[in-house]
Amino acid sequence: MSVLPLFLTALFGFILLTVPIAFALFLTALVLSLSLGAWSPALIIQSIFRGIDSFPLMAIPFFLLAGEIMNTGGISERIILVAKAMCGHVRGGLGYVTVVASMLISGVSGSAVADTSAIGSILYPVMKKEGYDPHKAAALVAASTTNGPIIPPSIPMVIFGVIANVSIIRLFVGGIIPGLILGVGLMIGWYFHVRGKARYHVEGRFSPAAVLKSCISAFWALFLPVIILGGILLGICTATEAAVVSAVYAFVVSAFIYREFKVKHLLPALVNTVRGTAVVLFVCGAAMAAAYFITTAQIPELLAKVLLQLSGGSWVMFMFWVNVLLLIVGCVMDLTPALLILAPMLLPIAAKYGLDPIYFGVVMIVNLCVGLITPPVGNILFVACGISKISVADISRAIWPNVIIGIIVLFIVTYIPWTVMVLVELIPK
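The sequence shown begins at 1329 in my numbering and counts up one residue at a time.
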């Protein structure tokens, strides 16, 4: 068996056997090392440690901790109240509130799973109580939180920045407009869903006074994204330092201003942060070990030949086939491992077409975010199922319109590079 089929068979074979993705990558590295006659357990272990020995990756635990504190300390609730005051007065208003709140909270946590937990646990019970279609409500919660890794700060963008050795700050800025487009697309889809349906009644009238009151109440919560992005864009701090600042700020605001984060909440928040960090870093290390043997086996070159033949030398067709590949991979693999495996393989090919790595990275992340809500292995789907108590099969049927919207947004971002690069070009390299 040639190396490329062996790699694919080993990786997806282990995944289909329900082997955890980090162990599947580790075992795939072992299979490749045996096939290449380069059996060296010490080399594999060294590759794993090399994969996690990176200063920018330090941002991950602090963004995760900020998200945990935010969800427990009243920051999420106040952001949601602002969104409700802004758009809760229209037909099906709680659906728009869900999307807007997701966009606002995405500017704090950087994690889609954390956003789903925060928003879904608060808004889904209210939507169900108000008579909303429970399947559509749960699907909207899941779809709207895919903005978490797109709107800065973003944990996947930190990882891609390390892989590609590009500016994480520029990646953050590149995700702003695509995230806004996705949010608008989901709201348009929700409008067509609720239009003319009596069960989605109008909830009061728009009140500037209520918006002002909610913004004043949530001032410290809304100021957190300003601190993160402002500090990064003004050159005051790096993305890693901004993550530390966000965690400290979230703790101070939650514990001493809102006074909702208690001592008893600290240990669970730290435990969840450590657990989430360990998973991400273990996957990073295992992916680095697999990447070493993937490179040694010249699999990127084989993949490049296939893509070059399919694209016929056109960047338009190249990006089309890349998107098709990533959409398929996203159905069976989570965002982080897919990014870790495929980014090093695809980046050199993208460079041959003269594609900016910032643009390419944002497109990859937007694409793989669609995979977060695509059956059968959509992580956000399972979180939404746990919150709503709806089966995966039922929520999968309700999520497809949102998946289609995500794919449309993906191709808009792909073929209108301006959406990514217009703000990036304002930042000095």
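Cβ atoms here follow ideal geometry from the backbone N, Cα and C, with glycine treated the same way.
| request: Report all residues from its chain with a CB closer than 6 Å to the CB of residue 1507; omit the five preceding and five following residues, and keep chain order. | output: Excluding residues within five positions, the ones whose Cβ falls inside 6 Å are 1475, 1478 and 1479.
(Q) Judging by CA-CA distance, which residue of 1336, 1494 and 1389 is the nearest neighbour of residue 1597? (A) Of the listed residues, the one whose Cα sits closest to residue 1597 is 1389.
- prompt: Three or more beta-carbon pairs under 8 Å between the stretch 1374 to 1381 and the stretch 1553 to 1572, yes or no?
  reply: Contact between the stretch 1374 to 1381 and the stretch 1553 to 1572 is absent, because fewer than three Cβ pairs lie under 8 Å.
Under a Cβ-count criterion, where at least 16 other Cβ atoms within 10 Å of its own Cβ denotes burial, should residue 1399 be classed as buried or exposed? That one is buried.
What would DSSP say about residue 1465, mapped onto helix, strand or coil?
It is helical.
- [ ] Identify the continuous alpha helix (DSSP H) that holds residue 1602 and give its terminal residues.
- [x] Counting along the chain, the alpha helix (DSSP H) containing residue 1602 begins and ends at 1591 to 1624.
* Asked: Whose C-alpha, out of 1677, 1613 and 1600, is nearest the C-alpha of residue 1627?
  -> Selection 1677, 1613 and 1600 evaluated against residue 1627 yields 1677 as nearest (Cα-Cα).
_Taking the beta carbon of residue 1535 as the centre, do at least 16 other beta carbons fall within 10 Å, making it buried, or is it exposed?_
It counts as exposed.
Does the separation of the CB atoms of residue 1602 and residue 1664 fall below 8 Å? No, these two residues do not count as a Cβ contact at 8 Å.
Exercise for review: Within the same chain, show all residues whose beta-carbon is closer than 6 Å to that of residue 1666, passing over the 5 residues directly before and after it, in chain order.
Suggested key: Correct list, in chain order: 1657 and 1696.
When the Cβ atoms of the stretch 1442 to 1454 are set against those of the stretch 1410 to 1430, are three or more pairs found closer than 8 Å? The stretch 1442 to 1454 vs the stretch 1410 to 1430: in contact.
Next item on the list: Excluding the 5 residues preceding and the 5 following residue 1581 in the sequence, name in chain order all residues of the same chain whose CB lies nearer than 6 Å to its CB.
Entry: Short of 6 Å from the beta carbon of residue 1581, and not among the five residues preceding or following it, lie these beta carbons of its own chain, in chain order: 1548.
Inset, instruction - Round the Cβ separation of residue 1357 and residue 1343 to the nearest angstrom and send it over; I've been treating them as touching at under 8 Å. - result: In this structure residue 1357 is not in contact with residue 1343, their Cβ atoms being roughly 14 Å apart against a cut-off of 8 Å.
query: How close, in whole Å, do the beta carbons of residue 1730 and residue 1432 come, if the pair is a contact with beta carbons under 8 Å?
result: So it is not a contact: roughly 19 Å between Cβ atoms.
Whole angstroms are fine: how far does the CA of residue 1671 sit from the CA of residue 1466? If you draw a straight line from the Cα of residue 1466 to the Cα of residue 1671, it comes to about 31 Å.
Mind checking whether residue 1550 and residue 1410 have CB atoms under 8 Å apart?
-> Yes, these two residues count as a Cβ contact at 8 Å.
Taking the alpha carbon of residue 1525 as the reference point, which residue from 1709, 1353 and 1461 has its own alpha carbon closest? It is 1461 whose Cα lies nearest to the Cα of residue 1525.
Exercise. Between which two residues does the alpha helix (DSSP H) containing residue 1498 stretch?
Worked result: From DSSP, the alpha helix (DSSP H) with residue 1498 extends over 1496 to 1502.
Quick one: what does DSSP say residue 1333 is sitting in, helix, strand or coil?
-> The DSSP-derived three-state label of residue 1333 is helix.
Anyone know if the C-beta pair for residue 1505 and residue 1346 falls short of 8 Å?
-> It is not a contact, given that the beta carbons lie outside the stated cut-off.
| request: Would you kindly check if the distance between the Cβ of residue 1397 and the Cβ of residue 1579 is under 8 Å? | output: Yes. Within cutoff.
Are the CB atoms of residue 1655 and residue 1698 nearer to each other than 8 Å? Yes; because the gap between Cβ atoms is below 8 Å, this pair is in contact.
| request: Put residue 1753 into one of helix, strand or coil per three-state DSSP. | output: Correct three-state label for residue 1753: coil.
| message | Measuring only the C-alpha atoms, how far is residue 1499 from residue 1754? | response | Straight-line Cα distance between these residues: approximately 13 Å.
- Task: Compare the C-alpha of residue 1374 against each of 1689, 1617 and 1706 and name the closest.
- Result: The shortest Cα separation from residue 1374 among 1689, 1617 and 1706 belongs to 1617.
*asked:* Looking at residue 1737: is its Cβ nearer than 8 Å to the Cβ of residue 1513?
replied: Yes, these two residues count as a Cβ contact at 8 Å.
Check: Where do the N-terminal and C-terminal ends of the alpha helix (DSSP H) with residue 1491 fall, by residue?
Finding: In the DSSP assignment, residue 1491 falls within the alpha helix (DSSP H) that extends over 1483 to 1492.
May I have the straight-line CA-CA distance separating residue 1712 from residue 1725, to the nearest angstrom? Note on geometry: alpha-carbon atoms of residue 1712 and residue 1725 lie some 13 Å from one another.
* What residue ranges within the stretch 1676 to 1741 form continuous alpha helix (DSSP H) runs of no fewer than 4 residues, ordered along the chain? -> Listed in chain order, they are 1685 to 1699 and 1707 to 1716.
Go ahead and pull the three-state DSSP assignment for residue 1534. Three-state result, residue 1534: coil.
- Message: Within 10 Å of its beta-carbon, does residue 1406 have 16 or more other beta-carbons around it, so buried, or fewer, so exposed?
- Response: Looking at its Cβ environment, which holds 16 or more other Cβ atoms inside 10 Å, residue 1406 is buried.
| message | Given this structure, state the Cα-to-Cα distance separating residue 1329 from residue 1700, to the nearest angstrom. | response | Here residue 1329 scores only 48 on pLDDT, less than 50, and its place in the model is too uncertain to base an answer on.
Residue from 1615, 1485 and 1493 with nearest C-alpha to residue 1351: Of the listed residues, the one whose Cα sits closest to residue 1351 is 1615.
Original post:
Beta-carbon separation of residue 1621 and residue 1368 under 8 Å?
Top reply: Not in contact: residue 1621 and residue 1368 (Cβ atoms no closer than 8 Å).
Buried or exposed: residue 1641, going by 16 or more other Cβ atoms within 10 Å of its Cβ? Exposed is the label assigned to residue 1641, since fewer than 16 other Cβ atoms lie within 10 Å of its Cβ.
Q. Can residue 1387 and residue 1501 be called in contact, C-beta distance under 8 Å?
A. No, these two residues do not count as a Cβ contact at 8 Å.
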